[in-house]
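Sequence positions in the sequence shown follow our numbering and run 459 to 730.
All C-beta atoms in this analysis are idealised placements derived from N, C-alpha and C, irrespective of residue type, glycine included.
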Amino acid sequence: MGHKNIISIFILICIIPFFITACKGNTDNLIFKDNNEVKYVQMQNGCYCKIITKPYDIKLLENLIYNIELLEYNQNKQTSLNKGNDIFRIKFFNAYNEIVNIISFNNNKAYYNNKWFDIDPENIIKLNNAYERMGYEEYVDKLEKSRLEQQLARKELPAKEALIGNWLYENGDNIHFNASHLTQENNHIFKYIIEKEKDKSMHISVYGTSGIFVKNKKLFDLFIEMDSTKCHMKITKVMGNSEYIFYDNLVYLNENNTEIGTFDSIYFSDDF
Numbered sequence: 459m460g461h462k463n464i465i466s467i468f469i470l471i472c473i474i475p476f477f478i479t480a481c482k483g484n485t486d487n488l489i490f491k492d493n494n495e496v497k498y499v500q501m502q503n504g505c506y507c508k509i510i511t512k513p514y515d516i517k518l519l520e521n522l523i524y525n526i527e528l529l530e531y532n533q534n535k536q537t538s539l540n541k542g543n544d545i546f547r548i549k550f551f552n553a554y555n556e557i558v559n560i561i562s563f564n565n566n567k568a569y570y571n572n573k574w575f576d577i578d579p580e581n582i583i584k585l586n587n588a589y590e591r592m593g594y595e596e597y598v599d600k601l602e603k604s605r606l607e608q609q610l611a612r613k614e615l616p617a618k619e620a621l622i623g624n625w626l627y628e629n630g631d632n633i634h635f636n637a638s639h640l641t642q643e644n645n646h647i648f649k650y651i652i653e654k655e656k657d658k659s660m661h662i663s664v665y666g667t668s669g670i671f672v673k674n675k676k677l678f679d680l681f682i683e684m685d686s687t688k689c690h691m692k693i694t695k696v697m698g699n700s701e702y703i704f705y706d707n708l709v710y711l712n713e714n715n716t717e718i719g720t721f722d723s724i725y726f727s728d729d730f
């Protein structure tokens, strides 16, 4: 094996922690029926919520969701996006205030267990009708309202400014960008140079910062795309001459490490 190949393998081993991300996921089946753990349900429509506590109403919701057919997601299927992009999110809680199940809906799509599905839009009408009929007090979720306000505040940022800060991968790992370096999990530090920038996208080259074989050596390219809020980001990592390509979704964390983006954003429903 030649010297060049040995170096390439060494580089690959060194940066595996960086590009193996978002591979974990909950593979539990969709279970919403006759779950005795559930003590109350939060129905959230945008930033408006109701807390459902009566057993009869909880059973009604469980049956509605249980009977929704989750179809294999078809990226090419036409969808009529909600202009407000409001997410209908339903959380089931146990007696210890722990979430035991959660599912999100947006038009003809559902997000469950880190996966997107196609659904009949009539199901959303049924859930909205149930929300309106149930005589529980409606309140504004302060966290969701703050999240939406912070998303609005970031819209006008140039991409290179919006990139700076902490971002969360879907598997719980995080990455931090400053103006010249990125840090993976507070441990692996890389230098980056912006090769090309548009309003919501960038191409950056990433270089090693330490080690005999990788210091100042270009390791890979990152192709970054953001949504209009600059709080949801897709990253394509390309190593070498496209021998290795990895894809990840990330959401922005504010200074309090609060998720300002959400992984059930319809922006992530489109595959790479």
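Three-way DSSP call (helix, strand, coil) for residue i in this model
i: D631; result: coil
i: E713; result: coil
i: N494; result: coil
i: D657; result: coil
i: F726; result: helix
i: N564; result: strand
i: I510; result: strand
i: Y524; result: helix
i: D544; result: coil
i: I718; result: coil
i: M515; result: With the sequence shown as reference, residue 515 is identified as Asp, and Met is not the correct amino acid for it. Helix.
i: E556; result: coil
i: F736; result: Because the chain here runs from 459 to 730, residue 736 falls outside it and cannot be looked at.
i: K695; result: strand
i: K676; result: strand
i: E683; result: strand
Local Cβ density within 10 Å of residue i, reported as buried at 16 or more and exposed below that
i: V598; result: exposed
i: N503; result: buried
i: S638; result: exposed
i: K675; result: exposed
i: S668; result: exposed
i: I670; result: exposed
i: N762; result: For residue 762 there is no data in the structure shown, the boundaries of the chain being 459 and 730.
i: I647; result: exposed
i: D657; result: exposed
CB contact below 8 angstroms: residue i versus chain C
i: N714; result: Absent here is chain C; the protein component of the structure consists of one chain.
Residue i versus residue j - alpha carbon distance
i: Y569; j: Y650; result: 33 angstroms
i: I516; j: V499; result: 7 angstroms
i: L601; j: T694; result: 30 angstroms
i: G666; j: H690; result: 26 angstroms
i: Y725; j: K497; result: 32 angstroms
i: P616; j: E653; result: 15 angstroms
i: Q608; j: I622; result: 15 angstroms
i: T716; j: Y589; result: 27 angstroms
i: F551; j: H661; result: 42 angstroms
i: I583; j: I523; result: 12 angstroms
i: L519; j: N494; result: 14 angstroms
i: I510; j: N525; result: 19 angstroms
i: G698; j: D706; result: 18 angstroms
i: N714; j: E527; result: 38 angstroms
i: K613; j: K688; result: 6 angstroms
i: H634; j: E643; result: 8 angstroms
i: A553; j: N581; result: 28 angstroms
i: K618; j: E701; result: 27 angstroms
Assumed close pair residue i, residue j - CB separation to whole angstroms, cut-off 8 angstroms
i: L711; j: L626; result: 6 angstroms
i: N586; j: I577; result: Between I577 and N586 the Cβ distance is about 14 angstroms, and since that is not below 8 angstroms, they are no contact.
i: W574; j: S686; result: 19 angstroms between Cβ atoms; not a contact.
i: I545; j: N564; result: 5 angstroms
i: L610; j: C505; result: Contact flag wrong, Cβ pair sits at about 12 angstroms.
i: V709; j: I703; result: Incorrect: roughly 22 angstroms between the Cβ atoms, too far for contact.
i: K692; j: E683; result: 5 angstroms
Residue i: CB within 7 angstroms of a non-hydrogen atom of the ligand FAD
i: D631; result: Although the ligand FAD was asked about, the structure shown includes no ligands whatsoever.
**Prompt:** What are the complete alpha helix (DSSP H) segments, minimum 4 residues, inside the stretch 571-651?
**Reply:** 580-591, 600-612 and 617-621
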